[in-house]
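S.K.: Please find one structure pasted underneath; my questions will follow.
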Amino acid sequence: RSIWSEMPMGPPDPILGLTDAFNKDSDKRKVSLGVGAYRGDDGKPYILETVRKAEQLVISKNMNHEYAGIAGVPNFVKLSLEFAYGTDSQALKDKRVAGVQTLSGTGACRVVGELLGKFQGAKAGGGRPPIYVPNPTWGNHIPIFNNAGMEVRKYRYYDPKTVGLDFEGLIADVEQAPKGSAFLLHACAHNPTGVDPTLDQWRQISQAMKAQGHVVFFDCAYQGFASGDAEHDAAALRMFVADGHNVALGQSFAKNFGLYGERIGALSVVCADLEEAARVESQLKLVIRPMYSNPPVHGARLVSEILSDAALRAEWAGECRGMAERITAMRVALRESLEKRGSARDWSHITDQIGMFCYTGLTTEEVLKIRADRHVYFTGDGRISMAGLTSTNVDYVGESIFQVAG
Ligand code: PLP
């Protein structure tokens, strides 16, 4: 018997499993609200016009297909950091930010996890160092950091009673964690809840983290996609850097540029000075080299074309705003659909939340009933991917939730 013959069947990925079930459903009314990928109002994948233009520019340049360096395409990394930290960022001017291209946001998380696992662990005298993630968080965070050799702990974030932020719980957990712990923060548009701290709350979180000497890792998967304004969505990150946090940052260009399959992202670390940044970057490369050698170049070229050209960049900002506005419009329409039917529940959180997802507050039982009776598919935690709603199906979804949840 071979080693393969003994292997047990693994459980299906909860979200991809949902897509399978949806595909098998032959009911005409079916609606898919699982996967977090943007759709236009026609329900189809949306390709940004600026990405189309960038593709033409890249093709016209007849570039070669040589390997990128371990850290990726240098111009992309530079533009990506300016996009996040701001073109006027003092840290960037001081050249004290180490940065590498990554395999989208997932890759950034994994690389920072490996780096922290190695060096935080060594600092603590061995063992698996902890990283604190919000409860709940993006489902992949926990396995990513576990696989990178870290112990994942949760800090309080979402309060089911208010369907909002458990701010006091969050601060208490920050204060109670051992000094110098790693903390993951969603930079904007928290996945899965859509609940973000206010700027004033961010300020207090920054101070509490500072007092404890925690290491902050911002996971930024939705810059521009959350509010429609990329500068606004970077506010928390920039505030922390201005407060003197030497943060790590993961960036994804999957959602805001609609480049999901290109796997384009970046990881950066704000350091004390240029010399420290050089050391950190050398360690990032040592993590990357044995994992995948170097990243693919095409997505980096596309993003670079857009970010480096003022006219294209302005056009992109408009397209990104358009995506965010469509989602906001769907939030309003879903809430109205529930309220006009006289729902007894308070649905204000639908429009208070931000980004790709809406955490409805529905129970798993209700979710399963909506799926069985009405063929509307979303995850058991009650998370709806807003991008799956269109002006054609939103009222049907509202009616479905109303029928089951009242
Ligand atoms: N981080 C968060 C919070 C996310 O929501 C996602 C995507 O859903 C990612 C990271 C990573 O996505 P990708 O690897 O496609 O950039």
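Each number in the UniProt record's numbering comes from the position in the sequence shown (counting from 1) with 28 added on.
All C-beta atoms, glycine included, are put in the ideal place defined by N, C-alpha and C.
#1: So is the beta-carbon of S132 under 6 Å away from any non-hydrogen atom of the ligand PLP?
#2: For N163, report the span of its beta strand (DSSP E) as first-last.
#3: If we ignore side chains and look at the alpha-carbon of each, how far apart do R402 and G434 end up?
#4: Considering only DSSP beta bridges, list what V404 is partnered with.
#5: Hey, G256 and L76 are a contact pair by Cβ (cut 8 Å); roughly how many whole angstroms apart?
#6: Can you tell me whether A282 sits near the ligand PLP, meaning its C-beta is under 6 Å from at least one heavy atom of the ligand?
#7: For my contact list, V202 and F246 are in at a C-beta cut-off of 8 Å; report their separation, rounded to the angstrom.
#8: Does the distance from the C-beta atom of L109 to that of S296 stay below 7 Å?
#9: Taking the C-alpha atoms as reference points, what is the distance between D194 and Y183?
#10: Can you check the region 142 to 220 for any beta strand (DSSP E) of at least 3 residues that lies completely inside it and give the ranges in chain order?
#11: So the beta strand (DSSP E) S413 belongs to, where does it begin and stop?
#12: Can you check whether the CB of L107 is closer than 7 Å to the CB of S413?
#13: Tell me the residue span of the beta strand (DSSP E) that contains G235.
#14: For C137, which of helix, strand or coil comes out of DSSP?
#15: Within 10 angstroms of its Cβ, does E309 collect 16 or more other Cβ (buried), or is it exposed?
#16: Can at least three beta-carbon pairs, one atom from the region 221 to 236 and one from the region 141 to 160, be found at a separation below 8 Å?
M.R.: Considering the structure as presented:
#1: yes
#2: P158 to N163
#3: 14 Å
#4: V59
#5: At roughly 14 Å, the Cβ-Cβ gap does not stay under 8 Å, so G256 and L76 are not in contact.
#6: yes
#7: 15 Å between Cβ atoms; not a contact.
#8: yes
#9: 10 Å
#10: 158 to 163, 179 to 184 and 210 to 214
#11: R411 to S413
#12: no
#13: Contrary to the premise, residue 235 reads as Gln rather than Gly in this sequence. Careful: Q235 lies outside any beta strand (DSSP E), inside the alpha helix (DSSP H) at L227 to Q240.
#14: helix
#15: buried
#16: no
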